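Here's the structure, in structure tokens; my notes come after.
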Amino acid sequence: MAVDERERTYHHPVYDFMMKVPGLDVVTTTVDKLLTFGSEASLWIFPVATSCCGIEFMAMAASRVDADRMGAIVRGSPRHSDVMIVAGTITVKMAPRVKKLWDQMPEPKWAIAVGSCAISGDFYRDIYSVVPGIDTFIPVDVYVPGCPPNPEAMMHGLLRLQEKIRASASGKQTEAEKRPEPIKHQRLPRLPIIGDPSRGTELDRQQIASAASLGWWDELNLEQALEDAASDSDEQDT
Amino acid sequence: MKLRGADNTEAIQTLLEQRFEATANPIGGPPVIGLGRHTELAATLRDEYEYRIFGFVVAAHYPPGPKDPPESPDVIRVSYGLRSVGRGTNLATWQLCVNAGDAIPSLVPLFAGADWQEREQYDLVGVRFEGHPDLRRLMLSEDWNGHPLRKDYAIDTKVHPWR
Numbered sequence: 100m101a102v103d104e105r106e107r108t109y110h111h112p113v114y115d116f117m118m119k120v121p122g123l124d125v126v127t128t129t130v131d132k133l134l135t136f137g138s139e140a141s142l143w144i145f146p147v148a149t150s151c152c153g154i155e156f157m158a159m160a161a162s163r164v165d166a167d168r169m170g171a172i173v174r175g176s177p178r179h180s181d182v183m184i185v186a187g188t189i190t191v192k193m194a195p196r197v198k199k200l201w202d203q204m205p206e207p208k209w210a211i212a213v214g215s216c217a218i219s220g221d222f223y224r225d226i227y228s229v230v231p232g233i234d235t236f237i238p239v240d241v242y243v244p245g246c247p248p249n250p251e252a253m254m255h256g257l258l259r260l261q262e263k264i265r266a267s268a269s270g271k272q273t274e275a276e277k278r279p280e281p282i283k284h285q286r287l288p289r290l291p292i293i294g295d296p297s298r299g300t301e302l303d304r305q306q307i308a309s310a311a312s313l314g315w316w317d318e319l320n321l322e323q324a325l326e327d328a329a330s331d332s333d334e335q336d337t
Numbered sequence: 030m031k032l033r034g035a036d037n038t039e040a041i042q043t044l045l046e047q048r049f050e051a052t053a054n055p056i057g058g059p060p061v062i063g064l065g066r067h068t069e070l071a072a073t074l075r076d077e078y079e080y081r082i083f084g085f086v087v088a089a090h091y092p093p094g095p096k097d098p099p100e101s102p103d104v105i106r107v108s109y110g111l112r113s114v115g116r117g118t119n120l121a122t123w124q125l126c127v128n129a130g131d132a133i134p135s136l137v138p139l140f141a142g143a144d145w146q147e148r149e150q151y152d153l154v155g156v157r158f159e160g161h162p163d164l165r166r167l168m169l170s171e172d173w174n175g176h177p178l179r180k181d182y183a184i185d186t187k188v189h190p191w192r
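Sequences listed follow chains A and B, in order. Per the numbering used here, residue 100 is the first one in the first sequence, and the count goes up by one each step. Per the numbering used here, residue 30 is the first one in the second sequence, and the count goes up by one each step.
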């Protein structure tokens with residue numbers, strides 16, 4: 100049903116003023132800012148919800164907390180998505196799958212690690228089959244600690260990601276979020292995270308090859324991925 | 030002997046002890062059956078006593094202890110449980126005791142539900158089930174080395190390139 104403009108009851112002094120003065124209802128901006136606004140206000144989520152954090156993630160996407168009002172809707176395909184939210188423990192068997200899904204997402208893309216397990220493995224960290232944090236194989240932008248974090252905390256993570264996107268588009272120097280420190284008694288294992296100077300290129304190559312060996316070689320373009328990994332780490336070295 | 034809703038624990042015990050020569054378990058638990066009578070016992074319980082549901086198969090690895098004679102072999106104890114619905118006692122259990130590395134006849138020809146459970150025990154403890162149609166790893170990745178629920182598995186074994 101169409102709304103008759105004369106029956107509109109919404110009034111705001113600024114809005115009324117803008118409507119009255121000719122020319123004020125046109126906004127000028129830069130293309131860059133417009134695109135940034137577009138990407139920060141339409142963060143489509145690809146969920147990797149492998150355990151209990153996934154339940155809280157569902158609560159975040161559902162009506163009470165409602166991530167939809169930030170433009171963050173949940174998609175079932177990595178090729179439609181901008182943000183990968185990893186909520187849950189990632190095992191050694193799951194890790195190449197996650198890496199492969201991450202490689203299938205189009206740029207620009209971001210990753211959020213939700214919960215202790217995705218951040219560092221937490222108390223499953225010493226178990227033979229658990230990966231000690233997803234930042235050992237994909238670059239993480241925002242860490243949301245908690246076990247599990249409540250939906251509001253995840254929402255705050257999304258807002259922090261939006262802030263980060265805004266800041267990086269306006270050329271501000273922003274400090275990368277640091278991985279929260281694990282508890283002292285944990286001793287095993289220490290795989291260097293992405294961005295760690297001690298991390299060699301060989302590890303990148305092995306992880307990419309492991310993910311690619313799951314199938315669909317042509318689509319992933321392994322050679323290109325290996326070259327990219329090598330050049331990325333060269334840039335970091337210099 | 031078919032008894033609706035009655036306690037047939039004693040009947041099962043008699044069956045195990047007299048017909049299948051079960052011995053008492055030295056470390057506690059279900060009675061131990063010889064490897065040769067294993068498939069026959071499962072078939073008897075299924076056909077004559079109506080234990081038609083495959084309950085569980087659980088394997089545990091026992092390395093030789095300090096009191097055992099030197100150079101005694103590693104032992105794997107495999108417990109089986111069958112369930113019945115509506116007839117007699119709910120659960121019938123028995124155990125096999127084999128040296129590590131020995132093959133055990135698979136129960137998949139008798140119970141289709143044994144398929145993934147035997148695969149899991151093969152994956153984690155390394156029990157070989159002879160006659161299993163598709164004995165692959167179930168939970169760990171395909172290229173895993175070793176069986177992590179064995180007592181001699183090193184916890185800091187590297188799983189390249191993820192750990």
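Heads up, the beta-carbon is just placed ideally off N, CA and C, and yes, glycines get one too. Treat the numbers as computed from the prediction; the structure is a model and nothing was measured.
- When 8 angstroms is used as the limit between beta carbons, residue 177(B) is near these residues of chain A: 227, 228, in chain order.
- When C-beta distances to chain A are compared with 8 angstroms, every residue of the segment 92-114 of chain B stays at or above that value.
- Counting C-beta atoms within 10 angstroms of its own C-beta, residue 130(A) has fewer than 16 neighbours from the protein chains shown and is therefore classed as exposed.
- When DSSP states are grouped into helix, strand and coil, residue 278(A) belongs to the coil group.
- Residues of the segment 144-175 of chain B with a C-beta less than 7 angstroms from any C-beta of chain A: 169, 170, listed in chain order.
- Shown here for residue 178(A): same chain residues with a beta carbon closer than 8 angstroms to its own, the five before and five after excluded, namely 203, 204, 205 in chain order.
- Remark: C-beta atoms of residue 105(B) and residue 129(B) approach each other more closely than 8 angstroms.
- For residue 186(B), the closest Cβ of chain A is nearer than 8 angstroms.
- DSSP links residue 126(B) through a beta bridge to 106(B).
- Within its own chain, the residues whose Cβ lies closer than 8 angstroms to the Cβ of residue 118(B), once the five positions on either side in sequence are excluded, are 36, 37, 38, 41, listed in chain order.
- Three or more pairs of CB atoms, one per stretch, sit closer than 8 angstroms, so the segment 237-247 of chain A contacts the segment 210-218 of chain A.
- Its Cα nearest to that of residue 200(A), the residue 309(A) stands out among 326(A), 309(A), 329(A), 330(A).
- Taking 8 angstroms as the threshold, the shortest C-beta distance from residue 302(A) to chain B falls below it.
- Taking all protein chains shown into account, residue 171(A) has 16 or more neighbouring C-beta atoms within 10 Å of its C-beta and is therefore buried.
- Residue 160(A) and residue 195(A) have their C-alpha atoms some 26 angstroms from each other.
- Here the C-alpha atom of residue 301(A) lies approximately 54 angstroms from the C-alpha atom of residue 69(B).
- When CB distances to chain B are screened at a threshold of 8 angstroms, the residues of the segment 187-208 of chain A falling below it are 191, 192, 194, 195, in chain order.
- Within chain A, no residue has its beta carbon less than 9 angstroms from that of residue 90(B); the closest one is some 15 angstroms off.
- At a cut-off of 8 angstroms between beta carbons, residue 309(A) contacts chain B.
- Look at residue 164(A) here: in three-state DSSP terms it is coil, with no helix or strand label.
- When the beta-carbon positions are compared, residue 227(A) and residue 186(B) come within less than 8 angstroms of each other.
- Residue 74(B) sits buried, since 16 or more C-beta atoms from the chains shown fall within 10 Å of its C-beta.
- Between residue 243(A) and residue 213(A), the C-beta spacing is below 8 angstroms.
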